[in-house]
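Working notes, structure below.
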Amino acid sequence: MMINIEEFAKDFFQEILNEADAVGQFAETVFFDKFCSFLVDAGELDTADRADYRGPPNSGIRVDGYGGDPLDSSGTLSLIIADFNQSNEVGRLVQTEMNAIFQRLYKFLHLARDAKWRNSLEETSPAFGLADLITERWSSITRIRMILISNRELSDRVDGRQADQIDDRDVTYNVWDLKRLHRFATAGQGREEIEIDLKRDFGGVLPLLPAHLSTGEYEAYLAVVPGRMLGSIYDRWGTRLLEQNVRVFLQARGNVNKGIRNTLESDPSMFFAYNNGITATAEAVITEERNKQLVATGLKNFQIVNGGQTTASIHMAMRNKADLSEVFVQMKLSVVQPEKTEDVVPKISEYANSQNRVSAADFFSNHPFHVRMEGFSRRLYAPSLDGTFRETRWFYERARGQFNDARSRLTPAQRRKFDLENPRSQLFTKTDLAKFINVWELKPDKVSQGAQKNFADFAQAVGQAWKKNENDFNESFFKEIVAKAIVFRSTERIVSAQPWYEGGYRANIVAYAIAKLAHDVAERKRAVDFRSIWGKQSIPKGMEEALVHAAKAAHDVLTDTPAGIRNVTEWAKKQACWHRVLKLEIKWPRGFLDELVSLEEHRGRKREDRKDQKLLNGIEAQTAVFNAGGPFWQQTLDWGKNKTLLSEREAGLLTTASRIPAKLPTERQSQAIIEIFSKLQQEGLQAELP
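FYI, in this note's numbering the residues of the sequence shown are 92 to 781.
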């Protein structure tokens with residue numbers, strides 16, 4: 092049963108209070124961070140940086156954050172304002188309140204470009220950094236999005252807010268209220284649905300040529316899309332359309348290709364001839380027949396899995412007032428059912444992008460790395476804390492909504508037990524995991540670039556490492572991740588408690604402090620005892636003292652920006668900032684140094700863990716093969732023989748499996764059988780292991 096909005100409001104509010112208390116932050120700051128993490132997951136923003144400012148009483152000025160550098164978002168400036176209702180009840184947000192809140196944000200934008208007002212701000216404050224960024228980027232900003240986040244429910248009587256302009260730049264207004272957040276958070280999907288009405292919003296219908304058999308399950312179409320229609324769709328949905336594009340996801344989203352741009356500018360009528368077009372998917376295509384011609388009138392959850400640069404380049408040309416009347420783009424459109432999206436879409440993207448292979452082509456939630464980490468998180472109990480007998484789990488969400496989905500299926504009594512065993516404070520997501528790991532990989536600048544960019548970097552690195560030796564990702568690796576999570580969250584609490592901390596930039600300070608500590612430990616040929624941190628579920632006293640030193644050093648470098656850079660958040664994203672922190676000499680406390688273990692001991696543990704995982708992989712494979720049963724493997728064998736895809740050895744192994752339970756394959760045979768099954772799946776076998 093899905094959690095209703097009243098329960099969701101109570102849970103969300105309590106979660107905010109608990110985290111605020113645990114890490115020593117204001118509840119409103121935690122509200123901003125948690126709410127914006129949903130916006131990033133939904134594709135509404137690529138990143139969300141805190142930059143809070145409230146003017147004097149009755150001044151009517153306020154801002155809470157922004158969506159990163161506009162240059163990274165095709166000239167779009169996203170400003171965020173928060174409406175945090177300090178109650179666990181579902182409040183109502185009415186039209187007059189909404190307008191007043193947006194007006195405060197609008198006034199900040201207006202004043203940000205006033206030099207006298209800007210210079211009245213403290214130069215190291217996040218608000219000054221944001222105002223300075225707006226001024227510096229104003230000539231490159233083409234669109235402004237104002238986003239209101241609220242844990243109240245927007246009244247049904249609110250009919251929206253009309254878009255307007257400031258200095259010839261379009262200003263749009265977007266409200267994420269409690270109802271919209273609840274709908275997204277409980278959907279179990281990694282995004283809010285994209286509903287495209289071609290007829291109503293984008294200038295007309297799209298003629299289609301069916302490219303599938305009427306009797307088959309697969310549904311596909313060929314189409315020729317007018318350049319202006321494609322550019323307008325991208326203008327509305329942005330990089331949300333590229334979420335399933337493997338190459339774009341793992342590299343840079345929405346890059347503009349110079350060759351494409353030149354064709355658009357100098358020879359638009361030849362664009363169709365020169366360009367390869369786009370490959371796209373949708374969960375549904377709404378069609379009708381007009382004059383015996385099949386046309387599309389709408390698309391649901393449209394994704395461009397190949398052709399991101401083509402689309403972004405057309406969009407940029409459109410924003411630059413280019414004539415797109417002669418520009419047409421060929422499109423191959425496949426319809427993929429929602430339940431098959433995670434499995435099928437990444438494969439379409441991978442094969443469509445085969446001209447430029449990526450190392451972690453299918454590094455979404457169904458990648459075996461994430462599946463294995465999820466398995467550990469459901470099986471392993473963390474040691475009980477001192478004075479308690481209750482063991483808990485660290486719940487890893489490899490796909491958005493798993494935690495809430497698991498709770499919603501339980502009775503009230505079962506839910507209480509679930510909450511005790513899986514406290515929300517021990518929930519972490521894929522982007523959290525990437526952050527925990529990358530600070531120890533000495534990449535605080537990447538971590539500071541935001542959840543999506545940092546995850547893309549992490550995905551490439553771990554994808555390559557998985558192919559090299561998947562046994563490195565074992566039970567001890569998971570425990571080490573948890574230990575790193577404990578260090579990260581402890582550092583957040585430490586920073587908040589320091590007398591020099593005045594608010595702002597905490598995420599950057601934490602990332603740089605831990606990375607600096609990790610670097611200096613490695614320089615000493617020593618290692619942090621993550622096994623001990625897992626065992627105690629807390630960091631030792633020496634490390635806590637060391638992190639205080641590291642955090643102060645990181646803070647001082649971050650807030651002392653070099654000439655030409657006055658925005659601390661943007662400075663934190665640069666390698667030059669990391670290089671400056673690396674040069675610092677920190678006198679580490681003796682207690683901390685005594686807590687470290689030798690590199691030889693650390694490596695010895697990893698070798699043993701690798702052997703254990705190799706053994707475990709064999710047992711897991713044998714269990715999976717046995718659970719599938721003899722009839723399943725007989726059907727697999729028959730399919731492979733009919734398609735003449737099996738070697739004599741492969742057929743022999745599947746024959747052995749087909750005799751279960753009379754004959755049980757060995758661990759090594761089972762691993763080979765799983766590999767054969769995966770090969771047949773790639774060749775078109777429509778079957779899944781039970």
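Idealized CB from N, CA, C, for every residue including glycine. Just so it is clear, the structure is predicted and the values come from calculations on it, not from any experiment.
Across the structure, K643 and E227 are spaced so that their CA atoms are roughly 29 Å apart. In the three-state scheme derived from DSSP, where H, G and I count as helix and E and B as strand, S539 is classed as coil. I677 is positioned such that its CB atom lies no closer than 7 Å to that of H646. Scanning R319, T388, G466, V426 for the CA closest to the CA of M407 turns up R319. In this structure, the alpha-carbon of P298 lies about 25 Å from that of D358.
Put simply, the backbone Cα of S581 is about 44 Å away from that of S404.
For A604, the enclosing alpha helix (DSSP H) has its first and last residue at 597–614. S178 carries a coil assignment under DSSP once its states are collapsed to helix, strand and coil. A check of alpha carbon separations from L289 across K423, I172, F393 identifies F393 as the nearest. Taken through DSSP and simplified to helix, strand or coil, Q116 comes out as coil. By the Cβ neighbour-count rule, K616 is exposed, with fewer than 16 other Cβ atoms within 10 Å of its own. Shown here for I767: same chain residues with a beta carbon closer than 6 Å to its own, the five before and five after excluded, namely E741 in chain order.
The C-alpha of V427 is placed about 30 Å away from the C-alpha of A763. Rounded to the nearest whole angstrom, the CA to CA distance from D102 to K665 is 37 Å.
Beta bridge pairing from DSSP links N397 with T370. In its chain, beyond the 5 residues on either side, A203 have a beta carbon closer than 6 Å to the beta carbon of I225.
G156 sits in a strand when the DSSP states are folded into three classes. Using a 10 angstroms sphere on the CB of K508, the tally of other CB atoms stays under 16, which defines it as exposed. When the five nearest sequence neighbours on each side are left out, the beta carbons in the same chain lying within less than 7 Å of the beta carbon of A602 are those of V530, P535, V538, S539, in order along the chain. The C-alpha of G294 is placed about 43 Å away from the C-alpha of W208.
Assigned with DSSP and collapsed to three states, T215 falls in coil, not helix or strand. Look at the region 617–668 and you find these whole runs of alpha helix (DSSP H), each 4 residues long or longer: 621–627, 632–650, 659–663. Here E482 really is in contact with A473; their C-beta atoms are around 6 Å apart, less than 8 Å. It is roughly 12 Å from the alpha-carbon of G655 to the alpha-carbon of G220. In this chain, the beta strand (DSSP E) harbouring R145 covers 140–145. Per DSSP, reduced to three states, the secondary structure at L424 is strand. When R331, Q105, A314 are compared, the shortest CA-CA separation from T378 is found for A314.
Contact check for A637 against P680 passes: the beta carbons are separated by less than 7 Å.
Rounded to whole angstroms, the separation of the alpha carbons of A206 and Y487 is 47 Å. Using a Cβ distance threshold of 7 Å, E374 and K391 count as a contacting pair. Around A311, the same chain offers A302, H303, S425 as residues with beta carbons nearer than 6 Å, after the five sequence neighbours per side are excluded. Per DSSP, the beta bridge partners of K391 are E286, A375.
V266 is bridged by DSSP to L239. V296 has its alpha-carbon roughly 8 Å from the corresponding atom of G389. Distances from the CA of F199 to each of T233, A218, M189, L471 were compared; the closest alpha carbon is that of A218. Put simply, the region 108–122 does not touch the region 189–197. Fewer than three CB pairs are less than 8 Å apart.
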